[in-house]
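Below you'll find the structure, written out as structure tokens, and then a few comments.
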Amino acid sequence: MMASLDDSPALARLPQILPRFYIPPLPNKPQNPILDGLKFLSRPAQLAVIVDVAAVQKPPDHSLWVEHNAASRSQIMSWDALRPAFSSKASPTPFLSEQSPAVFASAQYHVQPIINNPIYVSQHELFKSLKMTVLGTSSALHTWDPATESFLGHGGLILIDGKNEVVSESFMKRFLTIGTILRRLETLVNSLRAKSARAGPTIHAFAHALLSVVAYLREALAKSPPTNVDSHLHKQSYMLSAISLHYVEYEDVADALASLCNRDLSLSPHQYIPIDPKPSTLLSHIYNHLQTHLERQSPRLITACLAYILTTASRDYVVGVCRSVGLGGNTFGIGKGGKKPMQTSDMFDEDEEGQDDEGALFEEMEGDEVFPSFFGSELADALGTARKSLVLLRAANPDHPLLCGSGSRSVQPRREVEWLWSEGDVEAASAGLTPTRKQEKGATTEGSGQEGLDIGEPNVYKPELAAQFGVFDLEPGATPSIFPASSSPANNTFVPISTSLSGPVQSFISQFPSSLPALTPTLTHLNELTFAPLVSHASELSRALLSLFLPLSQHPSPSNQTSHSNLDFSEHLILLRSYILLTSHAFKSRLAAALFSDSGEDDVRSDEVDIRARARQVKFNHDKSDNSPVEENRQWAVGLAPALTDRESWPPGGADLSFLLRTVIVDSLDEGRLEGDDRGEDGDVDEKGNLGGSGRNVVLEEAEWRLGFAIRDLPVGAGRDRWLNPTSIEALDFLFIDYKPPHPLNVLITPIILSKYQRLFAFILRMMRVEHVSKAFFRMTRKNTEPLFPTLTSSNRLLLHFRFITHSFVTSLSSHVFDTAIRGNFDAFLSRLTPGTSHSLEKGNEYGFSDVFALADAHSIILDNILSSCLLRSGQKAVGDLLRGVLELVLELGILAGDLKRGRLEEYQAAPLLEDLYATFRGKMSTLTKVLKALVDKGSTISRLQLEAAMREAGEGDSRRPPGGAESLYHLLIRLDLGEWWAGSQWR
Numbered sequence: 011m012m013a014s015l016d017d018s019p020a021l022a023r024l025p026q027i028l029p030r031f032y033i034p035p036l037p038n039k040p041q042n043p044i045l046d047g048l049k050f051l052s053r054p055a056q057l058a059v060i061v062d063v064a065a066v067q068k069p070p071d072h073s074l075w076v077e078h079n080a081a082s083r084s085q086i087m088s089w090d091a092l093r094p095a096f097s098s099k100a101s102p103t104p105f106l107s108e109q110s111p112a113v114f115a116s117a118q119y120h121v122q123p124i125i126n127n128p129i130y131v132s133q134h135e136l137f138k139s140l141k142m143t144v145l146g147t148s149s150a151l152h153t154w155d156p157a158t159e160s161f162l163g164h165g166g167l168i169l170i171d172g173k174n175e176v177v178s179e180s181f182m183k184r185f186l187t188i189g190t191i192l193r194r195l196e197t198l199v200n201s202l203r204a205k206s207a208r209a210g211p212t213i214h215a216f217a218h219a220l221l222s223v224v225a226y227l228r229e230a231l232a233k234s235p236p237t238n239v240d241s242h243l244h245k246q247s248y249m250l251s252a253i254s255l256h257y258v259e260y261e262d263v264a265d266a267l268a269s270l271c272n273r274d275l276s277l278s279p280h281q282y283i284p285i286d287p288k289p290s291t292l293l294s295h296i297y298n299h300l301q302t303h304l305e306r307q308s309p310r311l312i313t314a315c316l317a318y319i320l321t322t323a324s325r326d327y328v329v330g331v332c333r334s335v336g337l338g339g340n341t342f343g344i345g346k347g348g349k350k351p352m353q354t355s356d357m358f359d360e361d362e363e364g365q366d367d368e369g370a371l372f373e374e375m376e377g378d379e380v381f382p383s384f385f386g387s388e389l390a391d392a393l394g395t396a397r398k399s400l401v402l403l404r405a406a407n408p409d410h411p412l413l414c415g416s417g418s419r420s421v422q423p424r425r426e427v428e429w430l431w432s433e434g435d436v437e438a439a440s441a442g443l444t445p446t447r448k449q450e451k452g453a454t455t456e457g458s459g460q461e462g463l464d465i466g467e468p469n470v471y472k473p474e475l476a477a478q479f480g481v482f483d484l485e486p487g488a489t490p491s492i493f494p495a496s497s498s499p500a501n502n503t504f505v506p507i508s509t510s511l512s513g514p515v516q517s518f519i520s521q522f523p524s525s526l527p528a529l530t531p532t533l534t535h536l537n538e539l540t541f542a543p544l545v546s547h548a549s550e551l552s553r554a555l556l557s558l559f560l561p562l563s564q565h566p567s568p569s570n571q572t573s574h575s576n577l578d579f580s581e582h583l584i585l586l587r588s589y590i591l592l593t594s595h596a597f598k599s600r601l602a603a604a605l606f607s608d609s610g611e612d613d614v615r616s617d618e619v620d621i622r623a624r625a626r627q628v629k630f631n632h633d634k635s636d637n638s639p640v641e642e643n644r645q646w647a648v649g650l651a652p653a654l655t656d657r658e659s660w661p662p663g664g665a666d667l668s669f670l671l672r673t674v675i676v677d678s679l680d681e682g683r684l685e686g687d688d689r690g691e692d693g694d695v696d697e698k699g700n701l702g703g704s705g706r707n708v709v710l711e712e713a714e715w716r717l718g719f720a721i722r723d724l725p726v727g728a729g730r731d732r733w734l735n736p737t738s739i740e741a742l743d744f745l746f747i748d749y750k751p752p753h754p755l756n757v758l759i760t761p762i763i764l765s766k767y768q769r770l771f772a773f774i775l776r777m778m779r780v781e782h783v784s785k786a787f788f789r790m791t792r793k794n795t796e797p798l799f800p801t802l803t804s805s806n807r808l809l810l811h812f813r814f815i816t817h818s819f820v821t822s823l824s825s826h827v828f829d830t831a832i833r834g835n836f837d838a839f840l841s842r843l844t845p846g847t848s849h850s851l852e853k854g855n856e857y858g859f860s861d862v863f864a865l866a867d868a869h870s871i872i873l874d875n876i877l878s879s880c881l882l883r884s885g886q887k888a889v890g891d892l893l894r895g896v897l898e899l900v901l902e903l904g905i906l907a908g909d910l911k912r913g914r915l916e917e918y919q920a921a922p923l924l925e926d927l928y929a930t931f932r933g934k935m936s937t938l939t940k941v942l943k944a945l946v947d948k949g950s951t952i953s954r955l956q957l958e959a960a961m962r963e964a965g966e967g968d969s970r971r972p973p974g975g976a977e978s979l980y981h982l983l984i985r986l987d988l989g990e991w992w993a994g995s996q997w998r
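According to our numbering, the sequence shown is numbered sequentially starting from 11.
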């Protein structure tokens with residue numbers, strides 16, 4: 011290959027390309043500007059005049075560039091050069107792409123001829139057609155195809171005169187994109203408007219906002235260049251690139267709206283994703299779209315249009331949410347003249363249907379309601395709480411100022427909940443003032459609502475109303491057109507497009523800032539400020555309801571301070587603690603006299619029961635003497651009152667049980683009112699108050715109607731036999747105390763919470779029976795002259811030892827249950843309910859609870875702690891069964907002693923039974939103490955040092971520190987096995 015090149019003849023040299031201009035070289039002489047300046051200044055004045063005259067007469071200097079450009083002529087010979095519009099100036103470059111557009115188009119057509127017959131249009135025809143197309147209407151060049159929802163060209167390829175197909179297609183593409191998207195959005199709006207009213211106002215508000223933005227864009231596009239194309243287009247030529255760049259921002263807005271509505275150009279109609287009509291989903295979609303564009307720093311027009319759509323679409327939804335919590339007006343019939351709070355006299359006439367409706371409403375509120383994404387978790391939780399608080403507040407106090415939406419007693423915030431976008435509105439809202447635009451709007455509606463209307467001039471409207479009502483003042487037959495008046499040559503003016511729709515959008519966009527205000531730099535901060543009044547109102551509702559259940563006037567200083575409302579939660583808690591948890595001595599003693607007996611003989615002591623019960627017992631003893639053989643053969647249910655078992659059926663009959671219990675509650679209440687039971691360990695506040703007369707506590711007055719004994723239905727299954735056996739530990743599980751709290755206090759004392767009280771009541775009844783069994787056992791064995799084992803000394807000694815350890819166990823357990831589990835936790839909880847305590851101040855408010863539902867949760871937690879301290883939780887079933895088994899062994903020991911006492915068993919028969927009971931009791935106690943110690947060592951309870959520190963803090967602080975639930979098992983372990991006797995090997 012190289013050899014062939016060398017052998018080839020010499021190639022002719024190309025002629026040298028020389029420049030067509032000449033730059034004279036600088037003279038080879040050093041220049042001295044200082045000397046030149048001195049020479050100029052030293053010239054005589056006459057010479058200066060001659061120089062000036064010569065300068066005026068001297069012809070202008072010739073410019074090399076101008077002369078060369080004018081002298082150079084185009085050397086291209088073509089038929090196009092004969093056109094008058096052809097430029098004869100020579101191009102400074104040999105590239106065709108840098109020639110004039112006509113030359114380049116001609117050359118390109120010559121090299122790459124178009125197979126199809128194109129349609130050549132002039133700029134005049136093109137602009138007239140594109141003006142129609144960009145507005146979403148068919149034109150002479152493009153027709154709307156409903157099947158594909160796009161514009162199709164007429165007859166094939168359209169070329170602009172003097173432009174190739176690439177330039178022509180690129181120029182028309184932007185107009186077609188905008189027109190197609192606007193037409194698709196209009197079709198979407200029509201489909202959304204066709205939905206029924208069941209779809210809700212949000213989807214229709216979104217359709218209206220979207221149509222308003224489309225109308226605004228059409229009006230702006232109609233005013234865009236070139237304008238007045240009929241009169242001026244034929245006289246001048248427009249630069250296509252300048253016109254195309256003018257529509258870039260509108261194309262960006264159209265693309266953003268298409269992405270928002272799932273109507274992108276890349277999608278065909280069958281690929282459209284339908285818009286979810288659910289308000290939360292739709293508003294979240296708009297909000298997320300706006301947040302994305304704000305993060306991308308999109309143009310102001312895009313964010314303004316999206317902000318307008320969000321503001322308009324969410325207005326009805328936000329107003330509805332505000333109304334649901336009573337903000338901005340009355341709701342649910344709330345206000346003066348509504349339903350009155352339930353009183354004592356209405357207890358038997360209360361509207362059960364109304365409570366059922368509220369229960370159904372609560373269930374609906376507790377459903378998984380989905381809020382928009384701009385409703386944060388704090389606001390969503392506050393709304394759910396506020397709605398239920400509103401219903402309860404209406405039932406408790408319908409005349410509360412918060413429920414008087416627009417009256418003179420209203421304490422609601424003046425600022426409406428509406429999106430804030432301008433700097434002034436944000437600053438005013440952050441300062442707690444009403445934004446300027448809302449002040450102007452409020453001034454026109456304040457009072458009668460007619461001061462802001464100018465009715466003297468019927469044809470003069472406010473600026474925001476002129477666009478809507480101005481159309482009615484047109485001359486007959488005059489209609490506003492949405493397109494340029496091209497059909498009428500005489501009409502060269504432009505009529506605005508849908509000004510009634512575009513007016514609010516234009517006003518909104520004109521006030522929309524280029525960036526978010528400095529006080530709210532992100533949309534999240536702006537969102538928090540916008541909905542701050544809603545959060546504040548929800549918190550105010552919760553505090554208002556708390557103030558009814560926990561009145562601020564309840565301070566522990568005066569002992570005669572009483573509550574005159576039946577909604578005082580503290581009074582109800584004291585009542586529940588006194589009667590269901592049996593901390594009232596008067597009630598506990600009377601209930602024990604009615605249900606239990608600690609007598610070691612068949613007769614009844616005079617000081618064990620009151621007069622009515624003693625009369626019943628005397629009648630029972632008289633009847634029993636006539637049938638003594640049967641009585642001797644029947645097993646003695648030690649610990650139970652003989653009157654309960656006289657009919658040889660269990661559970662006892664309703665008449666017998668009601669006779670024993672019908673006066674227990676009433677007599678206890680009367681005795682408490684007269685003597686005054688201690689409210690707490692400190693005795694600072696009188697539980698019954700020593701009130702008398704008109705100062706009697708309302709809660710105590712209603713107690714005899716709200717408290718009552720009831721009988722459970724017998725269980726189905728294995729536990730049924732034990733319920734039917736009076737000698738079993740579960741013999742009294744059928745009995746419980748029912749309590750009917752006043753409405754709406756039942757939100758704090760729910761059926762679930764009452765069931766926890768009743769579980770504790772059943773456990774306490776079991777423990778009380780075992781206590782009476784232990785006392786009866788002591789009375790049976792207290793006489794040394796009448797031992798139960800007269801001939802078996804070792805068995806008698808074991809029996810006495812067994813009596814001692816069982817009595818110690820029962821006493822320790824009872825002390826732990828009442829002193830640590832119940833009083834320790836419950837009294838600390840009651841101290842938290844006093845407003846202004848250290849605990850409430852630490853929480854940042856006067857109550858220490860955010861709302862009544864947090865108070866109800868705290869109430870439930872306290873009961874859970876008490877249940878845990880008594881080993882009654884479902885997670886403590888194993889150790890709870892151990893404790894119940896130990897109690898049952900004590901009961902069996904008492905029954906064994908009773909059978910020995912009554913002669914149903916002989917010594918030799920009872921001795922092995924006693925040894926088996928003792929061995930079983932010893933094993934269960936050892937296991938119980940080991941399990942409790944394992945729980946303590948495992949870390950589920952506090953250590954001894956932590957306990958001592960907590961006790962010191964409780965002694966030094968203002969409020970009491972509760973021992974807790976599982977944490978208090980340390981106390982139980984100390985009471986049961988302080989010297990580690992059961993855990994060690996000391997016992998034999």
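Here a beta-carbon is modelled for each residue, glycine too, at the ideal position from N, C-alpha and C.
Which of helix, strand or coil does DSSP assign to residue i?
i: residue 153; result: strand
i: residue 170; result: strand
i: residue 163; result: strand
i: residue 141; result: helix
i: residue 265; result: helix
i: residue 880; result: coil
i: residue 7; result: Nothing about residue 7 can be read from this structure; the chain reaches only from 11 to 998.
i: residue 733; result: helix
i: residue 380; result: coil
i: residue 740; result: coil
i: residue 410; result: coil
Can you name the start and end residues of the alpha helix (DSSP H) that residue i belongs to?
i: residue 762; result: 761-791
i: residue 919; result: 917-948
i: residue 274; result: No alpha helix (DSSP H) contains residue 274, which DSSP labels as neither H nor E.
i: residue 226; result: 211-232
i: residue 803; result: 803-825
i: residue 888; result: 887-912
i: residue 250; result: 250-256
Can you tell me which residues form a DSSP beta bridge with residue i?
i: residue 748; result: 718
i: residue 130; result: 169
i: residue 650; result: 606
The beta strand (DSSP E) spanning residue i covers which residue range?
i: residue 836; result: It is not in any beta strand (DSSP E) - residue 836 instead sits in the alpha helix (DSSP H) that spans 835-842.
Let's test the definition: count the other Cβ atoms within 10 Å of the Cβ of residue i and tell me whether it reaches 16, buried, or not, exposed.
i: residue 795; result: exposed
i: residue 249; result: exposed
i: residue 715; result: exposed
i: residue 806; result: buried
i: residue 978; result: buried
i: residue 299; result: buried
If we cut at 8 Å on Cβ distances, does residue i have a partner in chain D?
i: residue 280; result: The chain inventory of the structure shown lacks chain D, comprising one protein chain alone.
Could I get the ranges of all uninterrupted alpha helix (DSSP H) runs contained in the region 520-562, with 4 residues as the minimum, in chain order?
533-540, 542-559
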